[in-house]
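4 protein chains.
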Amino acid sequence: MDLKNLHISEKLVPHNYLRLAQDAQKAKETARRELLEKRKLPVHGWPDAHIEEMVQQLASLDSNNFPKKAGVGEREARIACPLVARRHYNFGHGIGRSGDLLEAQPKAAGSTLMANLTNSLLLDLIHEMGVRSCRACFLSPLATGMSLLLCLLTLRQKRPAAKYVLWSRIDQKSCFKSIITAGLTPLIIQPRLADNGALSTDLPAFARKVEEVGAEKILCFCTTTSCFAPRNCDDIIEVAKLATQHAVPHLVNNAYGLQSTHLTHQLEQAQRLGRLDLFVQSTDKNLLVPVGGAIIAGFDEELVRSVAKAYPGRASSSQTLDVFMTLLSLGRVGYMNFVKERKTNFEYLRECMHKFAQEHAEQVVETKGNPISLALSLSQLQDVGGELTKFGSMLYTRGISGARVLTVGDTRKIEGHEFVNWGTHHSDTSTAYLTMAAGLGITKAEIHNCFEKLNECWQTVMNQKFKFKT
Amino acid sequence: MDLKNLHISEKLVPHNYLRLAQDAQKAKETARRELLEKRKLPVHGWPDAHIEEMVQQLASLDSNNFPKKAGVGEREARIACPLVARRHYNFGHGIGRSGDLLEAQPKAAGSTLMANLTNSLLLDLIHEMGVRSCRACFLSPLATGMSLLLCLLTLRQKRPAAKYVLWSRIDQKSCFKSIITAGLTPLIIQPRLADNGALSTDLPAFARKVEEVGAEKILCFCTTTSCFAPRNCDDIIEVAKLATQHAVPHLVNNAYGLQSTHLTHQLEQAQRLGRLDLFVQSTDKNLLVPVGGAIIAGFDEELVRSVAKAYPGRASSSQTLDVFMTLLSLGRVGYMNFVKERKTNFEYLRECMHKFAQEHAEQVVETKGNPISLALSLSQLQDVGGELTKFGSMLYTRGISGARVLTVGDTRKIEGHEFVNWGTHHSDTSTAYLTMAAGLGITKAEIHNCFEKLNECWQTVMNQKFKFKT
Amino acid sequence: MDLKNLHISEKLVPHNYLRLAQDAQKAKETARRELLEKRKLPVHGWPDAHIEEMVQQLASLDSNNFPKKAGVGEREARIACPLVARRHYNFGHGIGRSGDLLEAQPKAAGSTLMANLTNSLLLDLIHEMGVRSCRACFLSPLATGMSLLLCLLTLRQKRPAAKYVLWSRIDQKSCFKSIITAGLTPLIIQPRLADNGALSTDLPAFARKVEEVGAEKILCFCTTTSCFAPRNCDDIIEVAKLATQHAVPHLVNNAYGLQSTHLTHQLEQAQRLGRLDLFVQSTDKNLLVPVGGAIIAGFDEELVRSVAKAYPGRASSSQTLDVFMTLLSLGRVGYMNFVKERKTNFEYLRECMHKFAQEHAEQVVETKGNPISLALSLSQLQDVGGELTKFGSMLYTRGISGARVLTVGDTRKIEGHEFVNWGTHHSDTSTAYLTMAAGLGITKAEIHNCFEKLNECWQTVMNQKFKFKT
Amino acid sequence: MDLKNLHISEKLVPHNYLRLAQDAQKAKETARRELLEKRKLPVHGWPDAHIEEMVQQLASLDSNNFPKKAGVGEREARIACPLVARRHYNFGHGIGRSGDLLEAQPKAAGSTLMANLTNSLLLDLIHEMGVRSCRACFLSPLATGMSLLLCLLTLRQKRPAAKYVLWSRIDQKSCFKSIITAGLTPLIIQPRLADNGALSTDLPAFARKVEEVGAEKILCFCTTTSCFAPRNCDDIIEVAKLATQHAVPHLVNNAYGLQSTHLTHQLEQAQRLGRLDLFVQSTDKNLLVPVGGAIIAGFDEELVRSVAKAYPGRASSSQTLDVFMTLLSLGRVGYMNFVKERKTNFEYLRECMHKFAQEHAEQVVETKGNPISLALSLSQLQDVGGELTKFGSMLYTRGISGARVLTVGDTRKIEGHEFVNWGTHHSDTSTAYLTMAAGLGITKAEIHNCFEKLNECWQTVMNQKFKFKT
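Chains as they are written, first to last, in my numbering: chain B, 2 to 471; chain H, 2 to 471; chain A, 2 to 471; chain F, 2 to 471.
Printed below as a string of C-alpha cells:
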C-alpha cells in the first residue's frame, strides 16, 4: 500500500488511523532495504508474514507473473497445477541460464535477485561461523554428493591429465560414488586406528601415495570433516600443508560441519596454513531445510565461479527459496542459538553415554576430533549371533532414529573396491559399537528419551542373551 | 475418518447423515486404491483437496512426522522454518539413498512410495504419448542439461575408452556444456541447410565421422528432437540405424518433445528400426511444473537403472512432489487436452505467421520436421544496423516473451569451440529471422495478442528505418 | 518492492531486467488505485496472487500486525493458533466498534478499509444487477434470518407501538422465526392458490388485514422474492403500493434474489411505484461464499445506517474477507457470466422437466413469477404410502441434493402457529410434487446428471409400486 | 492411508519400512478416537499437520465435497473463489438449520460433527477453568454484544410482560446497546465509589429498584465480571442471591472473564449460592481467535438450548473452525499455561505500575476485585487542558495499544440515557487516570516495553507542561 493509495483511502478510513498504520510499516521497509543494501543476515529473524511478503514481491518480478504477457517461447514457466504454483509462490523459471548457474535470467529478475541475495547471506553466515577468509560461495541445487561430483568435474577441466583422487576412507557412499561417477580413480587412504578405537587421518600414507603416483597425476586430496565417531574429523590442516607442498588441489567434504565452530575453525586454519580449494556442506543438515541442496564454497572467487559455470543449464529454485526463507526466519541470533544449543546438547549426550557405559560395563570411545558424534562399544552383544541387528532394530522400532549399530565383519565391494569391515571406516575394527550424533536442532528431551529406550532395549537383549546361553 | 471413528461420532450426528457421508468417501478411496494398485495415470484429474489428502498421508509415513520420535542421527529432516515445512507438506528426507536414486529409504517410506509411484505414472504417460516400447524411466531431480550429463557419465562407465560425442549442432548451450563438463570431446556435425533455410541432420557427415575416428572411440551419438525452427528435429530414425550398424550408444535430448505425438512417434520408430539408448525430457516444458527436473527414459531397464545408480547421494523430493501433484491434478484426459490444444494452437500460430509474412513481404521457413516452432524471415530489417536488436527488445518490452530475433554474423567461442552464426545452428545462415514456439499450455489469446504487438512493432521499426534512410 | 529498493537491487540483477519487471507492476498498481478511488467492482477479476497481495497489505495496516507494539488492553487481537492466523491473513480485530457496525476502528485501519470498500463494491453490484435506486447497503456478518431480525428490531425502535408483522406465508422457518424471536406477532397471509397449483400473493387479504388491525399497529409488511416453486415471488410492487397508501414499512426477504435480474427488476419497480424500506439477501447463495453473511440494503441511507447502528458491538470480519476476495476474483464480467449461465441453465432445467413430465404423465406447474425454481407434480406416487419419502431419499442417496419432495398432509405447529400442509406454503395443496432450483453456479452437467438419476429412481419406485399393487 | 492401501504399496516400498510407518500412525489415530469418544480437551496440543488432517476429514463429510454430486437446490455451498474455499478448508454449509443453531444438517455431517464437538470441548474447558456446575454451552457465531442480545430476546419469550433490565453501570457500549436493540428498558444502577476511587456493585440500589418497579416487570439482572479498573467485577454472588430471592433471571457479561480463575470462581459460587441463568464470554479475548464469536453458557441445559433455538436460520461455521483448531492446538496444558502466565504477568504489571506511581507521585487504585486490569491516577496531568489527550495519543503513536487515558467531565447521551463522566463508570469520578490490562497472551516484554515508553511520554508531557506554565 504505497503513499498515494493510502491518501486515496482517507475517504474510507480516518486520516490519523491511516497515518499511524503507515508509520508502522516503516520498520518493515527499513528491514527490507537493509537486506538488499548490506546483503547480510538480519540480526533478528523476520515474522512469517514479512517473509512471505518479501518472497511474493520477488516472484512478482518474474515474467510469468506479469499481468499482461504472451509467451511464444518453449519455456514460459506456466504452471498447470494451482497447488504447485502456490507452494512455489508462483516462482517457475528456476535459477541460472544454460551457460552458468549464477547468470541473471532476463525473464526472471525476481528469481535472479533471490538467488544472488541468498548466496550473499550464505557467505555472511560462513563468515559468522568462523571461516572468515572464505571469498565466495553459492547454493548448489544438488545434494552434497552431486555437488562434490560437480567440484571434481570442474577440477578435472583444470587438470585434464590427473585421474586419481586421494581419499581418506570414510564409510559413507556418496562421496566415494562421486569420484567413481566422475570417471576418476579413488586411491583409498585408510585412517590410523588408535588403541581405543579412534580413527584419525594417516598423513604419512598420504605423503607416500603422492610420492608413489606423482603429484601431477593426482586430481585432488579429498578429506571429510563431520563424520560418525569413532572416526575423527580428518586432519585437514596437515593435509592442506601437504597440498601446498605438492601443489595438489584439496577438496573438503564438510557435509554437516558448518554447524560446528570447532570444524569451521579447522577449515579457516587449513586455508591459512596450507591449501584448501573448495569445501562443500549440505543445506539440510546445516540449515534445517528439506534435503536437496549444498553450499559450495571456497577461498578463490574465480574457482568457485568456475564450478557454477560448469553446471550445464538451469536449475530448480526450490532449494534457494527454502534457504532464503529459513535464513530470514532465523536471523543471525536464531541461527547462533541453534549452534549453541547443539553444543550444549552434545555435552549432554556425552554425559548420558558415559553414564550408560559405566552402568553397563561398556566404553565410550574418546574422539577429541569429533564434535558432533560419539561411539559406544557394544562388546557384550558381539559374541552371540543376531543380537546386534536385533538391538538396532529394536531401537528403531521404538522411534530412535539415527542411532547406528556397527557390526564387525561385513565386507562390501563397491564399484570394484573392497571395504573390509564396511561401516567402521577401517579393516581392523574389532569391536562392535553404537554411534549417535547431536545434530543441529536436537533437543535435550530427545536425548533423554533415547537413553531411556536404550536402557529398555539393552535389558531386553541381555535377558534374552542370558536365556539363549542357558 | 475410519469406520470406527464414524461409529463413535453417531452420538454427535444422526446415523443416516453419517452413513451417506461415509458412502461418499468410497469413490475417493477407490481412486486411491486404483492408483496404488495399477500405478497408472488416473483417467480424470483429482480435485485439489484429494491431492492434498493423498500427499499429506504419504508425508505422515516419513519418520520425521512420526508423533513420537527421537533423532540422534546427523540427518533427521528437521525443518526450522514453518513456512518451508508447510510448502513441502512436511516432506524433509528427499529421495534416494547414498548408493542409488531409486533405493528405498528406511526413514522415509512415504517419500519412497511417492517417488516410485511418480516414476510409474511417468512411464504410463510416456506410453500414452506413443513411446509404447519404453521400458523404464525415472524422474531426475536435475534439469535437462544436468540429466544429460548424468547419462553421459553413466555411458562412460560402460565405455571407458570412448571419449568422443558425435553431436548434431544445435545452438543451445546446455547440452553442449554437458559434454564438456563430463570431460568428453564433442565432435560437432553441422546440419544440412536447405535452400529455404530449413536445417536437417547431416547423416553422411555422421557416417563419415564414425569412419574417421572409429566407432569404439565414440561414447555416443547425441541428437535433439525439439528445437527452434528453422532447425528440424534430428532424423533420429536414421541416426538410430547408424547406431545399430556401428554398435554406438544413442542419446536423445528430447527436451520439450514429450508434448508432441509427432516427436514421440519418431522416438518409438527409432527404437524399433535402430538403436536409441536413453532419451531425456524436461518436466517444466512437458508437464508445466517449475524448472528443475527431467525424465530420463530408455528401452533397457538395466541401463536406465544404472543411470539412477550413478547418482551419488540423496536428492530433493521437491520435483517429485510437483510432478506427482500435477499428474494427479490433470489425469490422462487433462494432459491429452493440453496436447490437443497445443497442436491446434500451433496451426493457429502457423496461420498467423503466414498472414503476417504475406502482408509484409517476408517468408515463413517451411520446416516439416518441427511440430512446435516456426521461423519467419526478417530480411527487410537486416540491412540497417541495430533494427533487429531493437525489434526484439520492443517485443519483449511489450510483454511478448519467447519470440527470438536471430541475427546473422555473431560468432561465439564456447569452451574452445567456435560457432559461426551462433544462434542459427549453421555457419552459412544468411537471413535474419524470428522464431516462435507454440509450447504446451499456450492459449489462442496469447498468439493473437502476440501478432497484434508484432504488427505494431514492425510498423514502428519500418517507419524509423524509412526516416533513417531519408 | 518500491522504487528505492529496486534501485538498490541493481547490484544483484542487471538494470534493464529490473526496469522491465518494475514496468510490469504498474498495471497491478493501477488496478489497486482504481479500486480505492472509484470503489466499484473491477471489470475483470484479479488473479489470486494480486488478491492475496491486496489482502495482506490491508492486514498489515491493523495494529496487531505492527512490527513494534505492546498491547496492554483487554483485546489485542492476539491469535494463538498459527493455522488460524494464516487462514485469516492475520486479521484479528473484526469490524465495527461497540456502537456501530460501520464505525472505523482506531486499532484496525486495514479491517476498516476492507469493510468499507466491500460495502461500496456491493452497492455497485446491486446497481449493476438492476436496483439502480438503491442508496446504501452493508455486509451484515449474519446469515439472512438473523439479518432480518436486526431489521425488525431497528424498525421497532422507530415504531415502538407496532407489534404486528404482516407476512405472506412461505414455508421456510428462518424468516418466521426472526419475527418470533424479535418478540413480534406474525399475521400470516396465505397466498392464493391457482388451479394449476401456482401460488401468488393475496393482495386483498393484505388490504383487509390492515383495515382489521390498523396500520399504526403494523410494524411492517414482510414479503419474499426468491422461493421454491410453485410459490411465486410475492407481488412486491403491489404490496409496496399498499405500503405507501398506509404508511407501513416494507421489508423484503430477497434471500437468493440478487442473482436474478427478473427479481431485482421487481425490487426497483416496487421502490419507484410504492414503498420498500429494506431488502435482505444472503451472501452464500448470491455470491458463492460459505454461509454466514447477508447484504442489508435500502433506498434511504439513514435507515440502512440505523440498522448498522442497532448492531451491538464488534463482529467477525471473516464474511467481509470472503466477499471482498470473491468480488475481486470474479470482477463484474465474472459475476455477470455466472448470472447469464444460471439463466440459461434454468431454461435447460425447464426443458428437462417438461420432457420428464411428458414421458411420465406428470405436470410441470407453470409459475411465471419464479425465475429460479420449478415444480413437478408427483401424482402417481401419491396414493401409496411411503413411496414419496422413499423417492426423495433415493435421490439424495444418489448424490442429488436440493431436490425436495413435498408431500401433502403434514401439519406443523411452530411457536404456536399452525401450518397445514407444511412445506407447500398453502393449506389446500392437494398434489405432492418435487421442486428443483437452478441456483447460481449450477452447471448443465449437474442438471443432466440429475434427470438421469431421476429417471432411474422413478423406474425403480414405479416397478415396486406395481409389484406392491399386484 | 488405510491398511489395505498400505498392503498394496508393498510393491513399491519394502514391507518392514511400511509397517513401521503404519505403527507410527497409531498414536495419531488413538488421539482422534479419544477426542470423538470422550469429547474432552486433549491434554497436550496437537501438531498443525494433525489438526489440518482432522479438519479436512471433517470437511470431506459435507455434501459439497462429495466426489459425485449434482445440486439442484437453492443453497449448495458452491464456493466461487478458490482462495476462499481454501481458507475455509472447503467448509461451506455453515452450522445449524433454519430452526435451531444446534440442529444437525443433513447436507453437512462434517460441519455438524465439528460444531457439536467444539461445544463439548468448550464445556470441558469451562469446567477445567472452575465453573464445574456449568451444564451446557455453545459457541455462538456472534460477538459478545450480539450474543447478549440473543439471550435477552430468549428471556423475553419466557417473560413477555417484563421489559426492564437492571444493569450495573459499565461504560462500554456493547452490552448497553444490546438492551436497547432488544427493545427493552435499561435501569442503570450506578456502582459505589470508594474513597480511593474503586468501584463496586451497589447492592442496596439493586434491591431498592426491584421494590420500586416490581420483580415481575424485570426481565433480568445484568452484571459484568471482567472490566477496566478501577471498576471491580460486579458482586455477582450477592446479585445472584437477590435474583433467587425475587425469582428474577440473572445474565452475566463475562466478556473476558473465562481466562481468570478468580472470576470463574465467582461464577461457580454465584450459581451455588444464588441464581445465575446465563453467562456470556467472547472467544477472541478468552481463546485468542479473531473477533466474532462468544460462548453462551448456563446451568440449565434446557435454557441454553432455548437460546440456540431462538437463533433464526443458519450461521457461519468460521468461528467454530477457529475455536476447534485453537483448542486442539493448545490442549489443556497449553491453555492452562496461558492462564498461568497471564496471572504472573498481571503481578508484574502491578509491580511496574506501583514503581511508576511512586517515582512520579501518583497512585495505583487498589481494586481487589479486578484480577485483569489496573488503574493509575494521572492527577498531575489533569489541571492543564489538552495534556491528557496528548499523553494518550503519544502512547498510542509509540505502539502502546490498549492503555486508555480517562478524563473527567465527558458527558455522553446514548439512546436517550445520559452518562456523566462517560468512560469512568461513575458520575462522581474526580481524578483522571490511565487503565491497563494484562490480558491472555500478554508477554513480560510487552509490559516492560510499555513502561519504558510510559516514562518517556511522561517526561515529555511534564516538560512541556512546565514550559507552558512559565
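Ideal Cβ placement from N, Cα and C applies to all residues, glycine included.
Remember, it's a predicted structure, so these values are computed and weren't measured experimentally.
Query                                                                                                                          : Result
Partners in chain B for LEU289/H, counting only beta-carbon separations shorter than 7 Å                                       : ARG79, ILE80 and ALA81
Cross-chain neighbours of CYS451/F in chain A, by beta carbon under 7 Å                                                        : ALA71 and VAL73
Which listed residue (GLN460/A, LEU389/A, ILE219/A and GLY400/A) has its alpha carbon closest to that of THR408/A              : LEU389/A
Beta strand (DSSP E) runs contained entirely in the region 257 to 309 of chain B, provided each spans 3 or more residues       : 279 to 283 and 295 to 299
Partner residues on chain B for THR398/F, Cβ-Cβ distance less than 8 Å                                                         : LEU21 and ASP24
Extent of the continuous beta strand (DSSP E) to which GLU419/B belongs                                                        : 418 to 420
Interface positions of the region 156 to 186 of chain B facing chain H (Cβ-Cβ less than 9 Å), listed along the chain           : ARG157, GLN158, PRO161, GLN173, LYS174, SER175, CYS176, PHE177, LYS178, SER179, ILE180, ILE181, THR182, ALA183 and GLY184
Cα-Cα separation, PHE485/A to ILE238/A                                                                                         : The requested residue 485/A is not part of the displayed model; chain A covers only 2 to 471.
6 Å CB neighbourhood of THR436/A in its chain, flanking five on each side removed                                              : PHE229, ALA230, SER374, ALA376 and ARG405
Start and end residues, alpha helix (DSSP H) containing ILE237/A                                                               : 237 to 247
Touch test, the region 66 to 80 of chain B against the region 17 to 26 of chain B, Cβ-Cβ under 8 Å, three pairs minimum        : no
Residue burial classification, SER319/H (beta-carbon count within 10 angstroms, cutoff 16)                                     : buried
Spatially closest choice to LYS108/B from LEU122/B, LEU118/B, PHE92/B and SER121/B, by CA coordinates                          : PHE92/B
Segment limits, alpha helix (DSSP H) that includes PRO205/H                                                                    : 204 to 214
Beta-carbon proximity list for SER378/B, same chain, < 6 Å, skipping 5 on both sides                                           : GLU363, GLN364, THR432 and TYR434
For GLU323/H, three-class secondary structure by DSSP                                                                          : Note that residue 323/H corresponds to Asp in the displayed sequence, not to Glu. In the structure shown, ASP323/H sits in a helix (DSSP, three-state: H, G or I).
Among GLY370/H, THR284/H and LEU126/H, the one whose alpha carbon lies nearest that of THR317/B                                : The displayed chain sequence assigns Ser, not Thr, to residue 317/B. Out of GLY370/H, THR284/H and LEU126/H, THR284/H has the C-alpha closest to the C-alpha of SER317/B.
Beta-carbon contacts of GLY332/A that lie in its chain and below 8 Å, excluding the five residues immediately before and after : LEU42, PRO43, VAL44, HIS45, GLY46 and TRP47
Short-range partners of chain F found in the region 291 to 311 of chain A, where Cβ spacing is below 8 Å                       : PRO291, VAL292, GLY293, GLY294 and ALA311
Endpoints, the beta strand (DSSP E) within which CYS223/F is located                                                           : 219 to 225
Inter-residue spacing [alpha-carbon to alpha-carbon] between THR278/B and THR145/B                                             : For clarity, residue 278/B is Asp in the given sequence; the question names Thr instead. So the two alpha carbons sit approximately 16 Å from each other.
Neighbouring residues, chain F, relative to SER319/A (Cβ below 8 Å)                                                            : PRO291, GLY293, SER317, SER319 and GLN320
Within-8 Å CB hit, ILE189/H to chain B                                                                                         : no
Nearest residue (CA-CA) to TRP459/A, options ALA256/A, GLN383/A and THR265/A                                                   : GLN383/A
Option in LEU288/F, VAL14/F and PHE207/F with minimal Cα separation from ARG193/F                                              : PHE207/F
Which of helix, strand or coil DSSP assigns to PHE392/H                                                                        : helix
Any C-beta of chain A under 8 Å from that of LEU419/F                                                                          : Checking the displayed sequence, the identity of residue 419/F turns out to be Glu instead of Leu. It does not; no Cβ of chain A falls within 8 Å.
Inter-residue Cα distance where the pair is GLY97/F and CYS451/B                                                               : 49 Å
Amino acids of chain A, ordered along the chain, whose beta-carbon sits closer than 8 Å to that of ALA438/F                    : VAL73, GLY74 and GLU75
GLU367/A at chain B interface by Cβ criterion, 8 Å                                                                             : no
Residue from THR155/B, PRO205/B and LEU143/B with nearest C-alpha to SER169/B                                                  : PRO205/B
Nearest residue (CA-CA) to ASP323/B, options ALA116/B, ALA105/B, HIS51/B and ILE190/B                                          : ALA116/B
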